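Reading through the structure tokens given below for one structure.
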Amino acid sequence: MSTSLFVNPALSPLSSSASSPSSSKPPIPLKNSCFSPQKPQPIALCLMCKRPSSVGLIQRTSVASNNMTISDFRDDEEENPPPLLESEISSKPRRIALFVEPSPFAYVSGYKNRFQNFIRYLREMGDEVMVVTTHEGVPQEFYGAKLIGSRSFPCPWYQKVPLSLALSPRIISEVANFKPDIIHASSPGIMVSIRRSHYRKTIMCAFSDVLSHACTSVISEFSILDAGSSFLIGQLVIFICDLFSTEFLHRAADLTLVPSAALAKELEAARVTAGNKIRLWNKGVDSESFHPQYRSHEMRIRLSNGEPEKPLIVHVGRLGVEKSLDLLKSVMDKLPEARIAFVGDGPYREDLEKLFSGMPAVFTGMLGGEELSQAYASGDVFVMPSESETLGLVVLEAMSSGLPVVTARAGGLIDIIPEDHEGKTGFCFSPGDIDDCVNKLKPLLHDVELRETIGKAAREEMEKYDWRAATRTIRNEQYNAAIWFWRKKRAQLLRPFQWLFKRIFQAPEVSY
Numbered sequence: 001m002s003t004s005l006f007v008n009p010a011l012s013p014l015s016s017s018a019s020s021p022s023s024s025k026p027p028i029p030l031k032n033s034c035f036s037p038q039k040p041q042p043i044a045l046c047l048m049c050k051r052p053s054s055v056g057l058i059q060r061t062s063v064a065s066n067n068m069t070i071s072d073f074r075d076d077e078e079e080n081p082p083p084l085l086e087s088e089i090s091s092k093p094r095r096i097a098l099f100v101e102p103s104p105f106a107y108v109s110g111y112k113n114r115f116q117n118f119i120r121y122l123r124e125m126g127d128e129v130m131v132v133t134t135h136e137g138v139p140q141e142f143y144g145a146k147l148i149g150s151r152s153f154p155c156p157w158y159q160k161v162p163l164s165l166a167l168s169p170r171i172i173s174e175v176a177n178f179k180p181d182i183i184h185a186s187s188p189g190i191m192v193s194i195r196r197s198h199y200r201k202t203i204m205c206a207f208s209d210v211l212s213h214a215c216t217s218v219i220s221e222f223s224i225l226d227a228g229s230s231f232l233i234g235q236l237v238i239f240i241c242d243l244f245s246t247e248f249l250h251r252a253a254d255l256t257l258v259p260s261a262a263l264a265k266e267l268e269a270a271r272v273t274a275g276n277k278i279r280l281w282n283k284g285v286d287s288e289s290f291h292p293q294y295r296s297h298e299m300r301i302r303l304s305n306g307e308p309e310k311p312l313i314v315h316v317g318r319l320g321v322e323k324s325l326d327l328l329k330s331v332m333d334k335l336p337e338a339r340i341a342f343v344g345d346g347p348y349r350e351d352l353e354k355l356f357s358g359m360p361a362v363f364t365g366m367l368g369g370e371e372l373s374q375a376y377a378s379g380d381v382f383v384m385p386s387e388s389e390t391l392g393l394v395v396l397e398a399m400s401s402g403l404p405v406v407t408a409r410a411g412g413l414i415d416i417i418p419e420d421h422e423g424k425t426g427f428c429f430s431p432g433d434i435d436d437c438v439n440k441l442k443p444l445l446h447d448v449e450l451r452e453t454i455g456k457a458a459r460e461e462m463e464k465y466d467w468r469a470a471t472r473t474i475r476n477e478q479y480n481a482a483i484w485f486w487r488k489k490r491a492q493l494l495r496p497f498q499w500l501f502k503r504i505f506q507a508p509e510v511s512y
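Each residue of the sequence shown is one higher than the one before, counting from 1 in UniProt numbering.
This is the structure we're talking about:
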């Protein structure tokens with residue numbers, strides 16, 4: 001998932017630093033006075049991106065060659081926003097229009113908690129927030145944010161994913177009347193509507209590619225197609241989605257926010273946008289809701305199907321074909337003494353239940369609130385075989401609950417358990433390698449002391465991450481960076497007209 005920031009020139013005059021020709025020095029950084037009522041602030045859009053099929057996220061770790069961070073600018077010829085002054089760290093309240101697709105209130109996915117907490121803490125920090133999302137499951141109220149439902153349709157290749165173009169005149173009017181300072185978008189469909197409607201001049205920062213990833217894993221399952229047709233159609237759809245994301249979204253964005261280092265690196269390698277415009281959206285976890293104190297003997301009996309004394313493996317998340325959950329069938333064949341519980345629901349649940357028929361596996365369906373907290377804390381080990389995670393919020397929640405985790409060494413999961421933490425806060429196995437996964441699970445299932453040591457270390461690691469701090473970074477640093485990039489681009493666009501204006505209206509030289 002990635003995020004984009006847009007600035008709307010129609011609603012705000014440019015500062016003098018933005019409208020003047022660029023010099024060798026970067027434009028003047030944003031001041032608190034920029035947000036005064038007398039000076040409407042330009043709109044910036046921040047869009048969150050799921051996992052594109054051929055692009056990825058940027059890492060905020062040091063680069064050995066030049067000791068710079070990935071979120072720092074990579075090209076010495078490119079400019080980065082100047083560091084914020086102390087007086088600029090806490091800007092005055094803004095109006096933020098958040099476009100999210102599918103809905104963070106109804107669609108079961110890892111980004112649900114991310115966006116709900118993001119909205120919550122933006123409101124806590126005093127910002128006005130408007131949320132435009134797919135219409136199903138939109139609550140009447142959410143921490144005082146203005147919520148607007150847009151009519152949606154199912155993704156042709158993934159019926160459980162609702163999409164929307166948000167082309168309704170009502171929505172366009174609502175957004176125009178809201179007069180946002182920031183447009184933060186997380187949707188390919190909504191991005192199209194923004195570009196082609198009233199906000200066609202708005203500056204964009206990133207997009208969410210649900211379609212191409214869904215096609216990668218689902219199109220090959222269509223029984224009506226032969227292998228060749230399935231492959232060709234799948235590749236064609238993926239190509240179209242990637243072209244759309246590259247040409248119409250990322251390159252039009254002022255800033256791209258990504259949830260993990262792996263996706264950032266892929267985005268930069270694909271050159272879909274400048275490296276200095278890709279920033280990391282820091283991970284966070286609710287360490288109070290997901291806590292070892294929720295361990296429950298009754299829940300353990302439920303998850304183990306009445307055998308709480310047996311080693312218990314837990315998986316929490318959406319049950320989708322792209323999650324590689326069928327690999328766990330072969331893993332469990334080699335661990336006959338263990339029990340496994342799948343917590344969650346999704347389009348692949350029925351197939352999984354058939355696959356695990358006759359095995360010591362429990363499918364609880366969707367759990368929430370205290371039940372979900374108990375499900376995490378009552379297991380022995382958490383397993384995540386997916387190779388498509390952009391971040392893996394459920395892994396963070398498991399670690400916060402005091403569980404040692406065993407995950408595939410892929411995608412954003414690498415950021416959660418980096419190489420120097422492996423064996424300390426959790427374990428990674430080679431993607432798709434059944435034996436490697438079994439070898440990582442066995443010691444944890446049979447050695448209580450090892451399990452408790454790693455679980456405690458995992459919990460301590462997760463206590464460092466907080467959604468409030470992550471939101472503050474986006475609000476005070478990344479939003480300002482998006483506006484800075486917009487002003488810089490605007491100044492470059494105006495330069496030829498300024499030159500022409502001077503040539504036409506410059507007073508003639510007088511010779512004496």
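Virtual Cβ for every residue (Gly too), placed ideally from N, Cα, C. Keep in mind it's a predicted model, so treat the numbers as computed, not measured.
query                                                                                                                                                                                        : result
If contact is defined by three or more beta carbon pairs under 8 Å, each pair taking one atom from either stretch, is the segment 307 to 320 in contact with the segment 340 to 351?         : yes
Report the three-state DSSP secondary structure of I417 (helix, strand or coil).                                                                                                             : coil
Verify whether the separation of the beta carbon atoms of G402 and R490 is less than 7 Å.                                                                                                    : no
Determine the extent of the beta strand (DSSP E) in which F429 is found, giving its start and end residues.                                                                                  : 427 to 429
Here's a check: name, in chain order, each residue in its chain whose Cβ is nearer than 6 Å to the Cβ of S260, leaving out the five neighbours to either side.                               : L57, T390, L391, G412, D415
If we count the other Cβ atoms within 10 Å of its Cβ and call it buried at 16 or more, is D333 buried or exposed?                                                                            : exposed
So, under 8 Å CB-CB, V129 and A145 are touching, yes? Tell me the CB distance rounded to an integer number of Å.                                                                             : 4 Å
What residue range does the beta strand (DSSP E) around S186 cover?                                                                                                                          : 182 to 186
What distance in whole Å lies between the Cβ atoms of A410 and residue 533, which are believed to be in contact at a cut-off of 8 Å?                                                         : Any question about residue 533 goes unanswered here, given that the chain covers just 1 to 512.
In the DSSP assignment, find the unbroken alpha helix (DSSP H) run with V331 in it and report its ends.                                                                                      : 327 to 333
Rounded to the nearest angstrom, what separates D181 and A262 at their Cα positions?                                                                                                         : 30 Å
Which complete alpha helix (DSSP H) runs does the UniProt domain "Glycosyl transferase family 1" (307 to 460) hold, if anything under 4 residues is left out?                                : 327 to 333, 349 to 355, 369 to 377, 393 to 400, 413 to 416, 434 to 446
Please report how far the alpha carbon of G137 lies from the alpha carbon of R151, in whole angstroms.                                                                                       : 12 Å
For the alpha helix (DSSP H) that contains F497, what are its first and last residues?                                                                                                       : 479 to 505
Given L122, which residues of its chain have a CB within under 7 Å of its CB, disregarding the five upstream and five downstream residues?                                                   : I96, V129, T471, R475
Helix or strand or just coil, what does DSSP make of M130?                                                                                                                                   : strand
Per DSSP, R279 forms a beta bridge with which residues?                                                                                                                                      : L257
According to the neighbour-count rule (16 or more other Cβ atoms, all chains shown, within 10 Å of its Cβ), is K440 buried or exposed?                                                       : buried
Starting from the C-beta of F427, find all residues in its chain whose C-beta is less than 6 Å away, skip the five residues before and the five after it, and write them out in chain order. : V406, K440
I need the boundaries of the beta strand (DSSP E) containing A97, first residue and last residue.                                                                                            : 95 to 100
If you reduce the DSSP assignment to three classes, tell me which class F118 lands in.                                                                                                       : helix
What would DSSP say about N177, mapped onto helix, strand or coil?                                                                                                                           : helix
Under three-state DSSP, which class holds A470?                                                                                                                                              : helix
Rounded to whole angstroms, what's the CA-CA distance from I119 to Y143? Just pull it up for me.                                                                                             : 8 Å
Would you kindly work out how many angstroms separate the C-alpha atoms of A264 and R279, rounded to a whole number?                                                                         : 8 Å
For the alpha helix (DSSP H) that contains H297, what are its first and last residues?                                                                                                       : 297 to 303
For G306, does the count of other Cβ atoms within 10 angstroms reach 16, so buried, or fall short, so exposed?                                                                               : exposed
Below 8 Å on the Cβ atoms is my contact criterion, and I expect V331 with V438 to pass it. Report the Cβ-Cβ distance as a whole number of Å.                                                 : 6 Å
Is it buried or exposed for P102, if we count other Cβ within 10 angstroms and need 16 for buried?                                                                                           : buried
Would S473 and N282 be called neighbours here (beta carbons separated by less than 7 Å)?                                                                                                     : For clarity, residue 473 is Thr in the given sequence; the question names Ser instead. For T473 and N282, yes; Cβs fall inside 7 Å.
In terms of residue numbering, what span does the beta strand (DSSP E) encompassing S168 cover?                                                                                              : Element bounds for S168: n/a, residue is neither H nor E.
Applying the criterion that 16 or more other CB atoms from any shown protein chain within 10 Å of the CB defines a buried residue, is P496 buried or exposed?                                : exposed
Sort out for me which residues DSSP pairs A145 with in a bridge.                                                                                                                             : F142
Can you name, in chain order, every residue of its own chain whose Cβ lies under 6 Å from the Cβ of A457, other than the five neighbours on each side?                                       : K424, T425
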